[in-house]
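Peer 1: Mind having a look at this structure? Questions to follow.
There are 2 protein chains.
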Amino acid sequence: MKPIQVGLLGIGTVGSGTFHVLQRNQEEIRRRAGRGIEITMVADLDVERARSVVGDQVQVVNDARAVIANPDIDIVIELIGGYGVAKALVLEAIAAGKHVVTANKALLAVHGTEIFAAASAKGVMVAFEAAVAGGIPIIKALREGLTANAIQWIAGIINGTTNFILSEMRDKGLDFEVVLKEAQRLGYAEADPTFDIEGVDAAHKATLMSAIAFGIPVQFDKAYVEGITKLSAADIRYAEQLGYRIKLLGITKRAANGIELRVHPALVPAKRLIANVEGAMNAVMVQGDAVGTTLYYGKGAGSEPTASAVIADLVDIARLHTADAAQRVPHLAFQPDEMSDVPVLPMSQVVTSYYLRLSVSDEAGVLARVTGILAGAGISIDAVLQREADEVGGEGSTHTDLIILTHDTVEGTMDRAIAEMQALPTVLAPITRIRKEELA
Amino acid sequence: MKPIQVGLLGIGTVGSGTFHVLQRNQEEIRRRAGRGIEITMVADLDVERARSVVGDQVQVVNDARAVIANPDIDIVIELIGGYGVAKALVLEAIAAGKHVVTANKALLAVHGTEIFAAASAKGVMVAFEAAVAGGIPIIKALREGLTANAIQWIAGIINGTTNFILSEMRDKGLDFEVVLKEAQRLGYAEADPTFDIEGVDAAHKATLMSAIAFGIPVQFDKAYVEGITKLSAADIRYAEQLGYRIKLLGITKRAANGIELRVHPALVPAKRLIANVEGAMNAVMVQGDAVGTTLYYGKGAGSEPTASAVIADLVDIARLHTADAAQRVPHLAFQPDEMSDVPVLPMSQVVTSYYLRLSVSDEAGVLARVTGILAGAGISIDAVLQREADEVGGEGSTHTDLIILTHDTVEGTMDRAIAEMQALPTVLAPITRIRKEELA
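Those protein sequence lines, which keep their order, are chains V and R.
Heads up: the first sequence is residues 1 to 440, going by full-length UniProt numbering.
Heads up: the second sequence is residues 1 to 440, going by full-length UniProt numbering.
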């Protein structure tokens, strides 16, 4: 049977990796797929660079539409990124009857509903394993491996840059800004790291997992997004003393009245496997009612790890494109006419537990007033850690840190309690609040 | 579309779990699969027990062949176990044109070649996610999620009973026999635990993963199998002091001249995630050339975790049975006519590193003689731990433990060096040898 012909739009880091891995492992891939899979055409604005990657045997053009228009191309890989051109090209490729593989989490988290509808109408597949957690086959696990389960929650370290930064902050006791610079120097963080450090990238991925897990449309605009820029070395140290690590988690959860979808730093018990995922690695925990807890770990980014996911999608399409399109694995795990309209909850309705750090005057009665406010709000306390003033502010200091771990409470209630505590004259600085997830 | 009708052969622990989960999550499963999936007929020798599980709405018979003969049944689940009746029934179901789902690792590790050939000839699917690592979708990850990769090695904790025993031995400093009895009392070990503690169950699973990873036929008869019955509390303690944990690993690896396939206890660096997989949990590490290291973690046994995998297979069949049978996901990941004949290596040709414990006389020159033999064999030493005689044998003792960690060496060379050391008059007891895997 003749090889499947693939057109590649955008040959940067991931595109180069895809080309090289397909070449290096072509025999093995052909033995698995039952046909060869070849990139025969590449579009990139930088034709010279593209040519230097793929050599003379592959057609290189600067116009992506020429790839889509080529009737010999069976599958189009979109690795341009972003919402603009990429969206138009993906829709055009679908309209041209091409299957599409993309790593573009931003595009799918925002425009997935439109794109998947177009693909279903045309009977083509849009595969996106590379969009979440790089080389870890987590989309496949959620969409196919765990279909027996009512998924209860997912919690993942799904951004390598921030996990690298948090690991370094903990290891070396350094502050965020210092480590960020180091990460940029080492290539773990981009020159403009905003999307990573502010949690946006993780929220794109969490949005996709949420849709797949619960059969709801992608709703990036409903996600709560908080990054790691305000974390201090002190919080990481206190968390450690209490038996926790701080990780940036993407969380989605089935609650009684809706779906939680949120990205924020969280304290995680140090004994959990996921708490021990270090550096730029990714890991996703999935809790299902039948299977219990499962975890998937690997590299979440990089040229060849991401290429691994892109190529797995190509092989999937080679193996399965002949299946009845109405029954084939649905893009978001559930049949398009069986999606749920259960709402994504506003953050004020989310129930979780909390770590609070208050900088307070070192005087009698402070603890009583603070705990009185929490008690009045119905928030019960799990643990309190009060540092000696001298330890915190140096000898003779008159302020100290008061650390409180709470039991589960509604975020809106906690917001009000924090406002009340913040108004106390003995509370000297803005209160730090970090959510705590037991993941049990 | 009318529901897919499933016949179940054998309704014990996993069968009951499968029935209950299919009932409990039937709506969610239907929304995912695009059709209902219903167990409409059950065969079990104990008709009363079967009836008590499934109620009056499901046909219960004591003759499995009546299920296979039923033209309304689309998929047969085989949960009888063993090689005899189960093999005959699976082959008959295939001959009758039924798709088959099985959790029977022993059957497939020994007779997989015959069974998969029959299924391919008939154009039906034999799905077996539940055969390896219970609820963890590891077959799917290997067969579909990592198709881009030349797999380099797999190392897994794939037997919950032995991992529970080893965790307890370490936690409580107890010896094997004591913990085994406790495990039997708690239901983590069977009355006859031989298959688990001797490594046979893990070897069945490793055999299946080896075939899928490397495109070789299942070759259980070539697997090296060593259990945990000879491990002592002392070895676990010494390993800990050296920064390692002891785990029973199922390993398969691509070496220069063949494939390694082996199950044995191994020292693993304590900082690896897999070293921290405790109790009855399972975890599998997979190293691919593109993706790097990945890990999959979850419950490897039990009623509903295993049912989770069985039902995922049912949904897969519902979604994909219409795909071209010649291109659909192959049973062993590679197309049947593309299997490799690269040999499974005898253990004497395997290269790994070692932990050795020698009980020696506490006298001058012993260490020199032992290390001289290793040097003579070209085996280089990574670390030595020599205990004071008093610590090992009590005050005034004249013997002590000598612990040696080696670098990589060929097993055959190590065998000869051990024989030579064993012949020294100052070596007082059989030498303990445990393999060491860095998993990096």
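Don't be surprised by glycine CBs; every beta carbon is placed ideally from N, CA and C.
1) Which residues does DSSP pair with residue 272 of chain R in a beta bridge?
2) Unbroken beta strand (DSSP E) runs of length 3 or more, entirely within the UniProt domain "ACT" (355-436) of chain V: which are they?
3) Could you give the distance in angstroms between the alpha-carbon of residue 304 of chain R and the alpha-carbon of residue 149 of chain V?
4) Tell me, please, whether the CB atom of residue 437 of chain V is closer than 9 Å to any CB atom in chain R?
5) Should residue 163 of chain V be flagged as near chain R, meaning a C-beta pair shorter than 9 Å?
6) Using the Cβ count rule (16 or more neighbours within 10 Å means buried), how would you classify residue 380 of chain R?
7) Cutting at 7 Å between CB atoms, please list the residues of its own chain near residue 325 of chain R, excluding the five before and the five after it.
8) Measuring only the C-alpha atoms, how far is residue 188 of chain R from residue 282 of chain R?
9) Would residue 176 of chain R count as contacting chain V if we go by Cβ distances under 9 Å?
10) Is residue 394 of chain V buried or exposed, if buried means 16 or more other CB atoms sit within 10 Å of its CB?
11) Look at the alpha carbon of residue 216 of chain R and the alpha carbon of residue 87 of chain V, and state the distance between them as a whole number of angstroms.
12) Can you tell me the Cα-Cα spacing of residue 497 of chain V and residue 196 of chain R, whole angstroms?
13) For residue 334 of chain V, which residues in chain R fall below 7 Å Cβ to Cβ?
14) Leaving out five residues on either side along the sequence, give the residues of the same chain with a beta carbon under 8 Å from the beta carbon of residue 100 of chain R.
15) According to the Cβ coordinates, are residue 436 of chain R and residue 354 of chain R closer than 9 Å?
16) Identify the contact partners of residue 312 of chain R in chain V, using a Cβ-Cβ distance below 8 Å as the criterion.
17) For a contact meaning CB atoms closer than 7 Å, what does residue 316 of chain R contact in chain V?
18) Quick one: grab the DSSP three-state call for residue 344 of chain V.
19) Counting along the chain, where does the alpha helix (DSSP H) carrying residue 26 of chain R start and finish?
20) What residue does the beta strand (DSSP E) around residue 155 of chain V start on, and which one ends it?
21) Helix, strand or coil: which one does DSSP assign to residue 254 of chain V?
22) Taking C-beta pairs closer than 8 Å, name the residues in chain V that residue 305 of chain R reaches, listed in chain order.
23) How far does the beta strand (DSSP E) with residue 41 of chain V in it reach, from first residue to last?
24) Sort V:319, V:329, V:313 and V:315 by Cα distance to residue 314 of chain R and report the nearest one.
25) If you run the structure through DSSP and keep just helix, strand and coil, what is residue 125 of chain R?
26) On a CA-only basis, which of R:388, R:105, R:111 and R:274 is nearest residue 284 of chain R? Give me that one, please.
27) Using a beta-carbon distance cut-off of less than 7 Å, what residues from the segment 261-283 of chain R approach chain V?
28) Helix, strand or coil: how does DSSP classify residue 260 of chain R here?
29) Quick one: which unbroken alpha helix (DSSP H) runs of 4-plus residues sit fully inside the segment 79-103 of chain V? Chain order, please.
30) Taking the CB atoms as reference points, tell me whether residue 144 of chain V and residue 28 of chain R lie closer together than 9 Å.
31) Could you pull out every residue in the same chain whose Cβ sits closer than 8 Å to the Cβ of residue 319 of chain V, ignoring the five residues on either side in sequence?
32) Taking the alpha helix (DSSP H) that residue 178 of chain V falls in, what are its first and last residues?
33) Curious, which full-length beta strand (DSSP E) runs of at least 3 residues does the segment 280-319 of chain R contain?
34) Relative to the C-alpha of residue 286 of chain R, which candidate in R:249, R:104 and R:310 has its C-alpha closest?
35) Return the Cβ separation of residue 351 of chain R and residue 409 of chain R in integer angstroms, given the expectation that the two are a contact with Cβ distance under 8 Å.
36) Using alpha carbons as the reference points, say which of R:53, R:73, R:55 and R:12 lies closest to residue 488 of chain R.
Peer 2: Straight from the coordinates:
1) On the second sequence, residue 272 of chain R is found 272 positions in, with the first residue counted as 1. Answer by DSSP bridge pairing: none, since residue 272 of chain R is not bridged.
2) 381-386, 399-406 and 432-436
3) Counting from one through the second sequence, the residue named residue 304 of chain R turns up at place 304. Counting from one through the first sequence, the residue named residue 149 of chain V turns up at place 149. Between residue 304 of chain R and residue 149 of chain V, the C-alpha separation is close to 10 Å.
4) Taking the first residue of the first sequence as 1, we reach residue 437 of chain V at position 437. No, no contact with chain R.
5) Along the first sequence, one-based indexing puts residue 163 of chain V at 163. Not one chain R Cβ lies under 9 Å of residue 163 of chain V.
6) By one-based count along the second sequence, residue 380 of chain R stands at place 380. Label assigned to residue 380 of chain R: exposed.
7) Your numbering for residue 325 of chain R matches position 325 in the second sequence. Around residue 325 of chain R: 123.
8) Translated into the one-based positions of the second sequence, residue 188 of chain R becomes position 188. Translated into the one-based positions of the second sequence, residue 282 of chain R becomes position 282. Rounded to the nearest angstrom, the two C-alpha atoms are 13 Å apart.
9) Residue 176 of chain R sits at position 176 when you count from the first residue of the second sequence. False, the Cβ-Cβ gap to chain V never drops below 9 Å.
10) In the first sequence, residue 394 of chain V corresponds to position 394, counting from 1. So residue 394 of chain V ends up on the exposed side.
11) Translated into positions along the second sequence, residue 216 of chain R becomes position 216. Translated into positions along the first sequence, residue 87 of chain V becomes position 87. Taking the straight line from one Cα to the other gives about 42 Å.
12) The structure shown has nothing for residue 497 of chain V, since chain V only spans 1 to 440.
13) Reading the first sequence from its first residue, position 334 is the one you call residue 334 of chain V. Per Cβ cutoff of 7 Å: 31 and 32.
14) Residue 100 of chain R sits at position 100 when you count from the first residue of the second sequence. Taking C-beta separations shorter than 8 Å and ignoring five residues to either side along the sequence, the partners of residue 100 of chain R in its chain run 75, 76, 77, 78, 90, 93, 94, 119, 124, 125, 126 and 127, following chain order.
15) The residue given as residue 436 of chain R occupies position 436 in the second sequence. The residue given as residue 354 of chain R occupies position 354 in the second sequence. A contact, by the Cβ cut-off of 9 Å.
16) Taking the first residue of the second sequence as position 1, residue 312 of chain R is located at position 312. Those within 8 Å of residue 312 of chain R in chain V are 144, 145, 146, 147 and 148.
17) Taking the second sequence and counting its residues from 1, the one referred to as residue 316 of chain R is at position 316. Ordered by position in chain V, the residues that pass the 7 Å Cβ test against residue 316 of chain R are 144.
18) Counting from one through the first sequence, the residue named residue 344 of chain V turns up at place 344. Residue state, collapsed to three classes: strand.
19) Here residue 26 of chain R is taken as the residue at index 26 of the second sequence, counted from 1. 26-33 is the extent of the alpha helix (DSSP H) around residue 26 of chain R.
20) Position 155 of the first sequence, counted from the first residue, corresponds to residue 155 of chain V. Counting along the chain, the beta strand (DSSP E) containing residue 155 of chain V begins and ends at 151-157.
21) To locate residue 254 of chain V, count along the first sequence from 1; it is residue 254. In the structure shown, residue 254 of chain V sits in a strand (DSSP, three-state: E or B).
22) Within the second sequence, the letter at position 305 stands for residue 305 of chain R. Within chain V, the residues whose beta carbon sits less than 8 Å from that of residue 305 of chain R are 290, 291 and 292, listed in sequence order.
23) Reading the first sequence from its first residue, position 41 is the one you call residue 41 of chain V. For residue 41 of chain V, the uninterrupted beta strand (DSSP E) segment begins and ends at 37-43.
24) The residue given as residue 314 of chain R occupies position 314 in the second sequence. Of V:319, V:329, V:313 and V:315, the residue nearest in Cα terms is V:329.
25) Here residue 125 of chain R is taken as the residue at index 125 of the second sequence, counted from 1. The answer is coil: DSSP assigns residue 125 of chain R none of H, G, I, E or B.
26) Here residue 284 of chain R corresponds to residue number 284 of the second sequence, with the count starting at 1. When only C-alpha atoms are compared, the closest one is R:274.
27) 273 and 276
28) As a working mapping, residue 260 of chain R is identified with position 260 in the second sequence. Looking at residue 260 of chain R - three-state DSSP - the assignment turns out to be strand.
29) 85-95
30) In the first sequence, the residue the question calls residue 144 of chain V occupies position 144. In the second sequence, the residue the question calls residue 28 of chain R occupies position 28. No, the pair does not count as a contact, with Cβ atoms beyond the cut-off.
31) For this step, residue 319 of chain V is matched to residue 319 along the first sequence. Taken in chain order, the residues that qualify are 33 and 34.
32) Taking the first sequence and counting its residues from 1, the one referred to as residue 178 of chain V is at position 178. Where residue 178 of chain V is concerned, the enclosing alpha helix (DSSP H) stretches over 176-186.
33) Fully enclosed beta strand (DSSP E) runs of 3 or longer: 281-288 and 292-299.
34) For the purposes of this step, residue 286 of chain R is taken as the residue at position 286 of the second sequence. Ranking the options by Cα distance to residue 286 of chain R, first place goes to R:249.
35) Counted from its first residue, the second sequence places residue 351 of chain R at position 351. Counted from its first residue, the second sequence places residue 409 of chain R at position 409. About 7 Å separates the two Cβ atoms, so the contact holds.
36) This structure cannot settle anything about residue 488 of chain R, because the visible part of chain R is limited to 1 through 440.
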